[in-house]
Amino acid sequence: QQIFLRYQQLIKDNLKEISKLITFEQGKTLADAEGDVFRGLQVVEHACSVTSLILGETMPSITKDMDTYTYRLPLGVCAGIAPFNFPAMIPLWMFPMAMVCGNTFLMKPSERVPGALMFLAKLFQDAGAPDGTLNIIHGQHEAVNFICDHPDIRAISFVGSNQAGEYIYERGSRNGKRVQANMGAKNHGVVMPDANKENTLNQLVGAAFGAAGQRCMALSTAILVGEAQKWLPELVDRAKNLRVNAGDQPGADLGPLISPQAKERVCSLIEKGVKEGASLLLDGRNVKVKGYENGNFVGPTILAKVKPNMTCYKEEIFGPVLVVLEADTLDDAIEMVNNNPYGNGTAIFTTNGATARKYSHLVDVGQVGVNVPIPVPLPMFSFTGSRASFRGDTNFYGKQGVQFYTQLKTIISQWKEEDATIAKPAVVMPTMGN
């Protein structure tokens, strides 16, 4: 606990430097990179006070002279596999919770953005962590297979694509490991006609295009209900005003995609949407950034008149693309969301409490925002994506994280009353050592 108290202060002291490193490697804006570090820091801060969640349970005198105790113990060696899009936050979701529970940890960063984790690991060492408690492994498929197969690794935490997540969950589970895998998403924002128009449009634009859409909680799909469909031109106007530039440039709202391959895939899905009948209201494929003419940039893009059978709706695009569907009623919108296989996050925008309550209860998604576009819980709660967005039984951080990184041991003891004898009078002050 003392190590993590020192660690959180070191992260605060070096937040700007870590953020610059993230922007240099990953491309996101400096402001977004600072948010990346800060949201991870919150988990470290929570880990400093998590010891009360590790307490076991006791029931004395379950029968004569017999007591039962349950201890929550560490698993041993745990491992984490992180994606490229949050080089600081995702590792900080993993190893602090595991290690404060008493485990050692093996962390594999994305091969595209290893620098931030190496910096964070050095700070952890500076905070006083013993050598060998936090370990870093670099690589791609061989490193992943090593983690999935090694008999000493008891649990695996993963965040990334569905293809990789399904593979790691299946291979790790087959080898007897606990696995928690946060995977892809298609997060819907349902806009009711009674919503606060100005706030809703601004939040839709920020949640859809921030981080260039490269986050599993991006609000990549909007369902406009009834009269809210008339807001579409204003939504397009707001998106047009976003500034695309290198992440370290002042005023940039979104930076590049992670690679040429990512840009090619995003552009291909936009083109496929048009061919399948969607209306391209805003096209960001030909955006040019001065000084970075060959960069991996895609500007904000909006596809309207999208239908559930279109490829641009069925697949996670993972880029700055908002697909827009229309619904006549709230019930129609709920049906659309529930028919989609993903269940990471969703949001409803409304000023009607009954509408918000109905949506929150009936929608089959793990995390719901009411006038909150990206409902990522603070670390005293848990990240609770569901359905095709998650594999495993226990979620990340909070109480769920403690349960994932610990195991229970139950002890039943009997000490017969008649065996309690005192050989001689005790005349000295009792101490813990006697």
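Numbered per full-length UniProt numbering, the sequence shown spans residues 1 to 434.
The beta-carbon is built from N, C-alpha and C at its ideal position, and this holds for glycine as well.
inquiry  = Using CA atoms only, rank isn't needed, just tell me which of Met183, Asn371 and Tyr397 is closest to Phe383.
reply    = Tyr397 is the residue among Met183, Asn371 and Tyr397 whose C-alpha sits nearest the C-alpha of Phe383.
query = Quick one: what's got a C-beta closer than 8 Å to Glu34's C-beta in the same chain, skipping five residues either side?
reply = Leu15, Lys16 and Ser19
request  = List the whole-angstrom C-beta distance separating Ala121 from Leu134, where the pair is believed to meet the contact cut-off of C-beta under 8 Å.
outcome  = 6 Å
key: Three CB pairs or more closer than 8 Å across the segment 162–180 and the segment 346–354   = no
inquiry  = Given this structure, state the Cα-to-Cα distance separating Ala388 from Asn162, to the nearest angstrom.
reply    = 8 Å
query = Closest by CA to Ser49, which one among Ile81, Leu75 and Gln8?
reply = Shortest Cα-Cα distance from Ser49 to any of Ile81, Leu75 and Gln8 involves Gln8.
inquiry  = Going by the DSSP bridge assignment, what does Leu282 pair with across the sheet?
reply    = Ile302
message = In this structure, how does DSSP classify Asp131 when only helix, strand and coil are distinguished?
response = coil
key: Strand pairing of Lys409, partner residues [DSSP]   = Tyr71
query = So what does Cys78 bridge to, in DSSP terms?
reply = Phe105 and Ala155
query = Which one or two residues does DSSP pair with Ile136 in a beta bridge?
reply = Met107
message = How far does the alpha helix (DSSP H) with residue 444 in it extend, from its first residue to its last?
response = One cannot answer for residue 444 here, as it falls past the ends of the chain, which runs 1 to 434.
key: Those residues which DSSP pairs with Arg387 across a bridge   = Tyr342
ask   = With a CB to CB cut of under 6 Å and the five nearest residues on each side skipped, what residues in its chain are close to Met59?
value = Thr68
query = By the 10 Å Cβ neighbour count, where 16 or more other Cβ atoms means buried, how is Val324 classified, buried or exposed?
reply = With 16 or more other Cβ atoms within 10 Å, it is buried.
query = Tell me, which residues are paired with Arg6 by DSSP?
reply = According to DSSP, which records beta bridges pairwise, Arg6 is partnered with nothing at all.
request  = Under 8 Å by Cβ, that's how I've got residue 496 and Ala327 pegged, so tell me the actual separation to the nearest angstrom.
outcome  = This structure gives no information on residue 496, because the portion of the chain shown stretches from 1 to 434.
ask   = Rounded to a whole number of angstroms, what is the C-alpha to C-alpha distance between Ala47 and Glu57?
value = 21 Å
query = Nearest to Ala246 by CA position, among Ile270, Gly295, Thr311 and Gly284, is which residue?
reply = Gly295
ask   = Cα-Cα, which of Leu257, Ser268 and Lys307 is closest to Gly277?
value = Minimum Cα distance to Gly277 is reached at Lys307.
message = Going by C-alpha to C-alpha distance, which of Gln407, Ser413, Lys424 and Val427 sits closest to Tyr71?
response = Gln407
message = For Met59, report the span of its beta strand (DSSP E) as first-last.
response = Here the beta strand (DSSP E) through Met59 covers Glu57 to Thr63.
ask   = In or out: Pro91 buried (at least 16 other Cβ within 10 Å) or exposed?
value = buried
query = Applying the criterion that 16 or more other CB atoms from any shown protein chain within 10 Å of the CB defines a buried residue, is Asn395 buried or exposed?
reply = buried
Rounded separation between Ala262 and Phe38 - CA only = 26 Å
Cα-Cα separation, Met183 to Met89 = 15 Å
task = In angstroms with no decimal places, state the Cα-to-Cα distance between Ile334 and Pro151.
result = 44 Å
ask   = Short check: CB of Gly273 to CB of Leu282, under 9 Å?
value = no
8 Å CB neighbourhood of Gln108 in its chain, flanking five on each side removed = Note that residue 108 is Lys in the sequence shown here, rather than Gln. Contacts found: Ala79, Gly80, Ile81, Ala82, Ile136, Ile137, His138, Gly139, Ala143, Val144 and Ile147.
inquiry  = Closer than 8 Å is the cut-off here; do at least three beta carbon pairs connect the segment 240–257 with the segment 110–125?
reply    = The segment 240–257 is not in contact with the segment 110–125.
request  = Would you please state the rounded distance, in angstroms, between the beta carbons of Leu235 and Leu201? I believe it to be under 8 Å.
outcome  = Confirmed, Cβ separation roughly 5 Å.
ask   = What first and last residue would you give for the alpha helix (DSSP H) that runs through Leu362?
value = Gly353 to Leu362
inquiry  = So, for Ala98: in the same chain, excluding its five sequence neighbours on each side, which residues have a beta-carbon less than 7 Å away from its beta-carbon?
reply    = So the list reads Cys78, Phe105 and Tyr405, once near-sequence residues are dropped.
request  = For Asp419, count neighbouring C-beta atoms within 10 Å of its own C-beta (all shown protein chains included) and say buried if the count is 16 or more, exposed if not.
outcome  = The residue is exposed, with fewer than 16 neighbouring Cβ atoms inside 10 Å.
query = So Gly189 and Ala207 are in contact, right, with Cβ under 8 Å, and what is the actual spacing, rounded?
reply = 7 Å
Distance between Tyr313 and Pro341 (C-alpha atoms, nearest Å) = Distance from the CA of Pro341 to the CA of Tyr313, rounded to the nearest whole angstrom, comes to 11 Å.
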